[in-house]
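Q: Got a structure here, written out as structure tokens. Questions coming.
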Amino acid sequence: MKKLISLFMVFTLVVSIFTNMAVKGQTYSDLLIGIFETGTDNWQLGGNVTGLSCVTSTLNAPGVAFEGSSLGEITSSGIAGTTWRSIYKNFTTPLDLTSTPYFSGAFNTYGINASNTNFEVKLTFYSNAQTYSTTKSITGDKWNEIAIDLSGWAYKNNVTKMEVAFRSTTYAAAWGAKHQLDGMKFSELPQGAFETGTDNWQWGANVTALLSVATSLNQPGTAFKGNNMGEISSSGVAGTTWRSVYKNFATPLNLTTTPYFSGAFNTYGINASNTSFEVKLTFYSNSQTYTVTKNISGNLWNKVSVDLSGWAYKNNVTKMEVAFRSTTYTPLWEAKHQMDDLKFSETNPFIIYNGVVNVISAGAQNINISGSYNTTSTVQLSLIELKPYDTYNPLVTYTPLNTQSFTSSNGVANFSFVAPRMNGNVDRVYSKFAVINNATKELVDSVKYVTDIQNPANNYAFPQATTIKGLQVQTIDDAQKLGIGHAALNVAFDQMFVSSGSTNEKIAYTMDGETYYFRKAFFDNLDRDTKTLSDNNVTVTYILIMYDLVHCGGGSNAERWNESAGINNILLHPNYSGYGTVAAFNTTNEVGTKYFKAAMEFLGSRYTRSDELYGRAVNYIVGNEVNSQYYWYDMGDKNINQFTDDYARTLRIANTAIKKYYSNARVYISMDHFWNGAISSDNLKVYKGKDVMDGLNAKIKLEGDISWNVAYHPYPEDLFDPTVWQDTTATTSFDTVRINFKNLNVLSDYMKQTDYLYNGQMRRIILSEQGFHSLSNSSADQQIQAAAYAYSYYKAKFTDGVDSFILHRHVDHGLEGGLNLGLWTRDTTKPVPYAPGNQKYIYNIFQNIDTNSSLSVTNFAKSIIGITNWADVIPGFDSTKLAERVPPVIGNLVSQAIAPTTNVSSFETGTDGWVISEYAKSMASVTSYANSPGTPYSGSKVLEVNFGESIIENAYLVGGARAESGVTKEFSVPINVTSTPKFEFAINSYGGCPSATVYNVTVRIYSGNNIIEGKALVNPDTWNTYSMDLSSWGYKGAIDKIKIWYSTNSTYNWMAKYQLDSIGF
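So the number in my numbering is just where the residue sits in the sequence shown, counting from 1, plus 5.
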């Protein structure tokens, strides 16, 4: 079947033909003010109107949009039908319509009954106090096209507002009707062209007349668009002889940004034996020409489109010629031919392909492509491979991967191609593929990517966290104490790479036959954080970001940025303006794509392994707040189509790379809280979030759907006011200015729409960054922050499709514009802006909100919000579902003599399966050590653990010696200590930590998600022996992990050691 593709879905087109279909779109100089494809286009409610929505269907006839896929629908209040109900649009920057004075639009309304069939629409244009108003009669339950000529209005150069109003002229009773509008625009030419004349088209060969007419003798007898069409009369020459008209452009057209021509063409038929006709379109740039000939049918409108984007001379078009002929009728033929709605557009608003390319799969050896092509005869098709950043150009000669002839059966030729997956060392899984008609060079369907990778390295089930509670983690030890189920970690691509000649330790990685080098120190830290978190059943999300040298943070980060020897400049998007904090990734060319692919494949191969050797990360967010790209994903000035095209490519490459290694990994688009609004009015720098989502969804579906997901940032409307429940710009409409926790269900409901589903399932939502300002950090202000968190957590918990609520930040940051968003204050005595200070009021609420203490710890918030029950503001609230997580049981770690007998670690022959964790740096089995008493507690060896940060910024980041330095032992087969329930060990440590008054040891014993925890003090420079009785703990029969932490109460960067011995039961 043929497929109809809407405005946002088309980015690369070829010559196509539409048959007998009235399709409207943007003209060469159109100024669109109300097409309602992605929202309500900033139209506002006026008198007697209760709602305005962007919808895809209506209850009244014809039920579909006038053009595109959506329309605007007004809901009016139940007032007298003869009363006007209106909407309006303000133009903040007044419109100068001097060159585009022709308004056109389509209007419809509910009908009433047979006795009330007369309706009116009133259009009013404002220039401050000056107005131009016209009222037109319309018919209900059908689209009524209205055109208005403003060329004679003296104030057309300063239009500040437009208003549209509807009413019945006869029905005086109350009428709560709906009214529709679509396709509103101002144009350089009258609507449809040929409306008021022949628009400077001239007679060419074998033509005797060219007129603007309202009707024709041949079918369908009326204009394709508007009221009039152009009609050509030809002389009595052979039917197979061309007869032509042409138009000179005194000022040559520059079609660089509007390279898509489209128009409608018709001709007299002849008889049943002569039904084949052609139209030839020739574009001139002085002596250079571009010619396309298309078959058309007689007695109906044929819509023809031509893609001139690949023509080198499109920036200087001096003339266009249109010619008609019969391909079979040789006698003399005094025929007539019609044309209408000729235009050039930025994108071809619709395209009909003549076939379908099915899902493209990649097996271990081959790429498999199949589909069908509409034809009544045998056709020769070719398979073309394109790079992700390439555009198919019918003027270019490609070397096909495969060319075959396919036979038609019942009007359809089914085809299939097989291509080797590997091109030498290069994996074609990233390529996009074009199937073309070898004769015409037309695309059978849009270019398509591989979307089915049949042999991923891993396909284990996606991990399920016990709680939606998450955190953008700064200190991994505290994250465990808080009991999070989700963590988001920034992965800065500018810190990843080193050159082959770098003296730094590096990790070599080969992809597509080339070797890339990654900074070992960077990945050591990422390994530590990822593994510590994922080993504790935390679902880890990576936020993939790219900084430039200015924004990388300075200091040692700047040194590392420069060490990449130019690789980072390759990764920066070539149109990066330098303004944004975060840059867009470069996938616009071969070298940028290679490095981005290498980074993604390295992450996928390292962090989705089944053995979790380096930890496991399963979620990958590509960029940051991309709808506000100029600030947070800087790609320079781009219109929304250009941006979406670029970002969709990068998102797809990331998805392919990760899914080569793990079939269930998830990629996410990052969005801020703006929905049907934007942070500014500059639409080359920022966009409405809804428009980005709609464009991305259309673009990706067009080229092969993938399971992209949404990482949303539903901050309060004022980041400095945490009382999100009072926000006014977060409404329940799909056209709400912003989506945050007050109206979070809008995002969920939007993603449930059929057009957004992937394989019939809702795409997933994670709330990956949002926080609440604690104002002055006074006690009262901290309680407001905590109340905002409680309200928002419950909103997320009971909103369908939300997998996680990841709080930003862990610690207040001094360079975040004055915002205090953390669970901790910051230590202002330290020379960095992110050193942890003290826990805030929110800390305890955050720690316990997903436990059986949830209601008690959040009770304080109800009076702040002004409610008596959470169900008053939380739809679907169910207190029985709050306790998702069981907090650690508090054990009693007592000082006493020990004599472990089972599962003993004596460290006589090594580390006995213990590994470092958290902020421990290394460990070893040793016979002696520097602090007293210098000898093992028993036997001849002890385990000595080294900790402390060599980079001072890292020490401040984690809280100095207050950070937990740990060792962990896991049991592949859980152990049963029912008969020996006392856990025992000996510990010693260095003393003399500056500012320390206490030294701490913490023991955590695990059975799955169940934990028992004991704490005690350590006396340095002597052996301390401890025991914790597990007799009453219900999970002592299946212990799978033991963790021992050591810390002090000092924030000093202390590089020291501690020792362990005789661990067992």
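The beta-carbon is built from N, C-alpha and C at its ideal position, and this holds for glycine as well.
Tell me, which residues are paired with Met344 by DSSP?
A: Its beta-bridge partners are Gly235 and Phe270.
Q: Can you tell me the Cβ-Cβ gap for Leu860 and Leu826, rounded? I've got them flagged as a contact below 8 Å.
A: In fact, because the Cβ distance is near 25 Å, the residues do not count as touching under 8 Å.
Q: Please state if the CB of Ile572 and the CB of Ser504 are separated by a distance shorter than 8 Å.
A: Yes.
Q: With a CB to CB cut of under 7 Å and the five nearest residues on each side skipped, what residues in its chain are close to Gly181?
A: Same-chain partners within the cutoff: Ser81, Ser82 and Gly83.
Q: Identify every run of the beta strand (DSSP E) within the region 750-812, keeping only runs that are complete inside it and at least 3 residues long; order them along the chain.
A: Listed in chain order, they are 770-775 and 807-812.
Q: I'd like the ranges of any beta strand (DSSP E) spanning at least 3 consecutive residues and lying wholly in the region 65-98.
A: With a minimum length of 3 residues, the continuous beta strand (DSSP E) runs that stay inside the region 65-98 are 76-81.
Q: Would you call the CB atoms of Val982 and Leu1035 closer than 8 Å?
A: Taking 8 Å as the Cβ cut-off, Val982 and Leu1035 qualify as a contacting pair.
Q: From Met1033 to Ser994, what distance separates their C-alpha atoms?
A: Distance between the alpha carbons of Met1033 and Ser994: 20 Å.
Q: Got a sec? Which residues, its chain only, sit under 7 Å from Leu898 by beta carbon, not counting five neighbours each side?
A: Contacts found: Val1008, Gly1019, Lys1020, Ala1021, Tyr1031 and Met1033.
Q: Mind pulling the beta strand (DSSP E) runs of 3 or more residues that sit fully within the region 860-898?
A: Entirely contained in the region 860-898, not one beta strand (DSSP E) run reaches 3 residues.
Q: For Met26, does the three-state DSSP call read helix, strand or coil?
A: Confidence at Met26 is low in this model, with a pLDDT of 27, below 50, so the placement of that residue is unreliable and no value is reported for it.
Q: For a minimum of 3 consecutive residues, which ranges assigned as the beta strand (DSSP E) are wholly contained in the region 449-512?
A: List check, beta strand (DSSP E) in window: 453-458, 474-477 and 491-497.
Q: Thinking C-alpha only, which one of Gly231, Ala179, Thr932 and Ala604 is nearest Phe498?
A: Taking only the C-alpha atoms, the option nearest Phe498 is Ala604.
Q: Flag this pair as touching only if the region 366-381 and the region 289-297 have three or more C-beta atom pairs under 8 Å; answer yes or no.
A: Flag = no, the region 366-381 and the region 289-297 do not touch.
Q: Would Ala935 and Ser1052 be called neighbours here (beta carbons separated by less than 8 Å)?
A: No, Cβ-Cβ distance for Ala935 and Ser1052 is not below 8 Å.
Q: Quick one, are the C-beta atoms of Ala716 and Ile674 less than 8 Å apart?
A: Contact flag set, yes.
Q: Could you tell me which residues DSSP puts in a beta bridge with Arg743?
A: Bridge partners of Arg743: Phe679.
Q: Is it the case that the region 530-544 contacts the region 471-484, given that we only count it when at least three CB pairs across the two stretches are under 8 Å?
A: Touching, yes, given that three or more Cβ pairs across the two stretches are closer than 8 Å.
Q: For Val169, which residues in the same chain have their Cβ closer than 7 Å to its Cβ, ignoring the five residues on either side in sequence?
A: Cβ neighbours of Val169 beyond the five flanking positions: Ser91, Ile92, Val126, Leu128 and Leu186.
Q: Give me the residue from Pro880, Glu969 and Gly116 with the minimum Cα distance to Phe803.
A: Residue Pro880 is the option with its Cα nearest to Phe803.
Q: Let's test the definition: count the other Cβ atoms within 10 Å of the Cβ of Thr272 and tell me whether it reaches 16, buried, or not, exposed.
A: Answer is buried; the Cβ neighbour count reaches 16.
Q: Compute the beta-carbon to beta-carbon distance between Thr456 and Val322, rounded to the nearest angstrom, for a pair I have assumed lies under 8 Å.
A: With 8 Å as the limit, Thr456 and Val322 do not qualify as a contact, their Cβ atoms being about 38 Å apart.
Q: Taking its Cβ as the centre, do 16 or more other Cβ atoms sit within 10 Å of Pro999, making it buried, or is it exposed?
A: Exposed.
Q: Span of the beta strand (DSSP E) holding Ile921?
A: Its beta strand (DSSP E) spans residues Val920 to Glu923.
Q: Could you check where the beta strand (DSSP E) with Lys704 kicks off and where it finishes?
A: Looking at the DSSP string, Lys704 is not in any beta strand (DSSP E); the run it does join, the alpha helix (DSSP H), is Gly694 to Leu707.
Q: Give the DSSP-derived three-state secondary structure of Trp1082 in the structure shown.
A: Here the chain has residues from 6 to 1070 only, and residue 1082 is not among them.
Q: Tell me where the beta strand (DSSP E) around Thr256 begins and ends.
A: First-last of the beta strand (DSSP E) with Thr256: Arg248 to Leu258.
Q: Short of 6 Å in beta carbon distance, which residues of its chain neighbour Ile301, apart from the five on each side in sequence? Order them along the chain.
A: Once the five neighbours on either side are set aside, the close Cβ partners of Ile301 are Phe270, Phe282, Val284 and Asn307.
Q: Beta carbon of Thr1086, beta carbon of Glu236: below 8 Å?
A: Any question about residue 1086 goes unanswered here, given that the chain covers just 6 to 1070.
Q: To the nearest angstrom, how far is it from the Cα of Ser314 to the Cα of Ala198?
A: Roughly 23 Å separates the two Cα atoms.
Q: Check the C-beta distance from Leu962 over to Gln479 and give it rounded, since I have them as a contact under 8 Å.
A: So it is a contact: roughly 6 Å between Cβ atoms.
Q: Apply the 10 Å Cβ neighbour rule to Ile956 and answer buried if 16 or more other Cβ atoms are within range, or exposed otherwise.
A: Counting Cβ neighbours within 10 Å, Ile956 comes out exposed, since fewer than 16 surround it.
Q: Would Phe739 and Tyr755 be called neighbours here (beta carbons separated by less than 8 Å)?
A: Taking 8 Å as the Cβ cut-off, Phe739 and Tyr755 qualify as a contacting pair.
Q: Among residues of its own chain, excluding the 5 on either side of Tyr251, which ones have a beta-carbon nearer than 8 Å to its beta-carbon?
A: The answer, listed in chain order, is Trp206, Gln207, Gly209, Lys324, Met325, Glu326 and Val327.
Q: Under 8 Å, do Pro405 and Ser421 count as touching if we go by C-beta distance?
A: Contact flag unset, no.
Q: Classify Met14 as buried or exposed, calling it buried when 16 or more other Cβ atoms lie within 10 Å of its own Cβ.
A: Confidence at Met14 is low in this model, with a pLDDT of 25, below 50, so the placement of that residue should be treated as unreliable; the coordinate-derived value is given next. Under this definition Met14 is a buried residue.
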